[in-house]
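Contents: one structure, followed by commentary.
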Amino acid sequence: MVRFLSLSSGSNANCYYIGNRKSGLLIDLGVGVRTLKKRLAEHDISFDNIDMVLVTHDHIDHIRSLGSFTERHQKPVFATKTLHSALSTHFCTRGSLSGCVHILEEDVCYKSGRIGITAFAVPHDATQTLGYHIDFEGVRFTFLTDIGYPTEAAVKYASMANHLIVEANYDIDMLLRGPYPQSLKMRILEDTGHMSNDQTASLVRRAFHPELKSIHLAHLSRNNNTPKLAFQTVSDALLEIGVRVGEDVILNCLPRTDSSEIMDCS
Ligand SMILES: [Zn+2]
Ligand SMILES: [Zn+2]
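Next comes the structure, spelled out in structure tokens:
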């Protein structure tokens, strides 16, 4: 049985788990190690199950605890050479990853037993940002967070997924009318910022295929979005192509600060 759990998804902390009874992996490590242990235990997942950590990019909400984790637990950390180079000087990870560095080539599938991992570049304002396509014992996941706009590569990898975890960061009206300073609004809106609900809806509509079983909306902004708006925008876009949420595909919003329900993805 392959299971998926979001341990936290938002601009404070990001961390996601995929695994079975024997092994598992994390995507990003933005929550504290104590919180990670507690939340895994709450979902009956052994901490010893974690065999590796994949890193999307060098923003603090994704790597806050990566250094302290590897110092204590010495698990391989997967990223491209460019991203590892940035991690080697970042204050969260500097001097902590030696012995744990594992380099991935972009768009090349790395195989570890029955797990296949493919990293691909996405536009975002970090040193480098990666999306991931993960084949975990035949169950295919695509991760797209953080990402400025839906690129062709993002649509391609999303259209290969059985389970899609994709950012829906902001509602455009809430962002424009909201309290953020103009410079921050521009940063979010840029092609190297985050995706709006409309952009996520467009990506999902282009990538949908009958083998896509679930869509999880990630990294929702506290100030510029609501789960209801994100859900409705994506749900409406799917309905336009005849896909009914709840019948043809599962759609949900991942909690910003808590863990999600654990999902059986087999
Ligand atoms: Zn982020
Ligand atoms: Zn980021």
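Numbers in my numbering are just positions in the sequence shown, counted from 1, shifted up by 312.
In this text, a Cβ means the ideal position worked out from N, Cα and C, and glycines have one as well.
| query | Measuring CA to CA, which of Leu366, Ala542, Arg489 is closest to Tyr422? | reply | Residue mapping note: residue 422 aligns to position 110 of the sequence shown, counting from 1. Taking only the C-alpha atoms, the option nearest Tyr422 is Leu366.
| task | Find out if the Cβ-Cβ distance for the pair Thr512, Val561 is shorter than 7 Å. | result | Locating residue 512 in the sequence shown gives position 200, where the first residue counts as 1. Locating residue 561 in the sequence shown gives position 249, where the first residue counts as 1. In this structure, Val561 does not lie closer than 7 Å to Thr512 by Cβ.
| query | How many Å lie between His436 and Asp503 at the Cα? | reply | In the sequence shown, counting from the first residue as 1, residue 436 sits at position 124. In the sequence shown, counting from the first residue as 1, residue 503 sits at position 191. Roughly 7 Å separates the two Cα atoms.
| request: Report whether the distance from the Cβ of Asp458 to the nearest heavy atom of ligand 1 is below 6 Å. | output: In the sequence shown, the residue the question calls residue 458 occupies position 146. Checking every heavy atom of ligand 1 against the Cβ of Asp458, one is found closer than 6 Å.
| query | What number of angstroms, rounded off, separates the C-alpha of Asp360 from the C-alpha of Thr347? | reply | Position 48 of the sequence shown, counted from the start, is the residue given in the question as residue 360. Position 35 of the sequence shown, counted from the start, is the residue given in the question as residue 347. Computed Cα separation, rounded: 15 Å.
| request: Assign Gly411 to buried or exposed, taking buried as 16 or more other Cβ atoms, counted over all protein chains shown, within 10 Å of its Cβ. | output: By one-based count along the sequence shown, residue 411 stands at place 99. That one is exposed.
| task | List the DSSP bridge partners of Ser424. | result | Translated into positions along the sequence shown, residue 424 becomes position 112. Ser424 is bridged to Ile427.
| task | State buried or exposed for Phe505, treating a residue as buried only when at least 16 other CB atoms are found within 10 Å of its CB. | result | In the sequence shown, counting from the first residue as 1, residue 505 sits at position 193. Note that residue 505 corresponds to Gly in the displayed sequence, not to Phe. That one is buried.
| If you run the structure through DSSP and keep just helix, strand and coil, what is Asn361? | Position 49 of the sequence shown, counted from the start, is the residue given in the question as residue 361. Helix at Asn361.
| message | For ligand 2, I want to know if His402 counts as a neighbour, meaning its beta carbon is within less than 6 Å of at least one of the ligand's heavy atoms. | response | Stepping through the sequence shown from its first residue, residue 402 is reached at position 90. Result no, Cβ not under 6 Å from ligand 2.
| task | Identify the continuous alpha helix (DSSP H) that holds Gly554 and give its terminal residues. | result | Along the sequence shown, one-based indexing puts residue 554 at 242. Note, Gly554: premise wrong, no alpha helix (DSSP H); not H, not E.
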